[in-house]
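A short write-up of the structure that comes next.
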Amino acid sequence: MAEGPEHPDDAFEILLRETVTKAVISGLENEHSWNDDIIIRLMDYEARAQQQRLSSQTLQVILSGRRILGRSQENGRPPRSR
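Following my numbering from start to finish, the sequence shown increments by one per residue and tops out at 244.
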């Protein structure tokens with residue numbers, strides 16, 4: 163028997179985790195100058211996830227994305243052009 167989402171928000175959380183993952187991968191692969199913008203967006207997602215009491219898995223994906231993008235900027239990626 164196929165199991166459906168336990169809660170209606172599960173589909174939203176899955177989509178959010180996929181969106182965050184794709185943004186982080188894109189930022190790493192393409193060395194986007196807008197990684198700072200992605201990090202700021204992830205910080206907003208983190209605050210909202212905590213406020214809305216989203217799953218720990220969703221929160222972990224957001225936090226990992228922030229950490230990964232922050233490290234890529236610290237480890238010799240070109241500085242953001244303005």
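Note that the Cβ used here is the ideal one computed from N, Cα and C, for glycine as well.
Give the C-beta separation of residue i and residue j to the nearest angstrom, bearing in mind that I take them to be a contact with Cβ-Cβ under 8 Å.
i	j	result
L221	Q213	Incorrect: roughly 11 Å between the Cβ atoms, too far for contact.
E208	L231	With a Cβ gap of about 13 Å, E208 and L231 do not count as contacting.
L216	V182	About 12 Å separates the two Cβ atoms, so there is no contact after all.
Please classify residue i as buried or exposed, where buried requires at least 16 neighbouring CB atoms within 10 angstroms.
i	result
E175	buried
A173	exposed
L177	exposed
R210	exposed
I201	buried
N192	exposed
R228	buried
>> Extract the residue ranges of the alpha helix (DSSP H) inside the segment 185-217, only unbroken runs of 4 or more that lie entirely within it.
In response: Entirely contained in the segment 185-217, the alpha helix (DSSP H) runs reaching 4 residues are, in chain order, 197-213.
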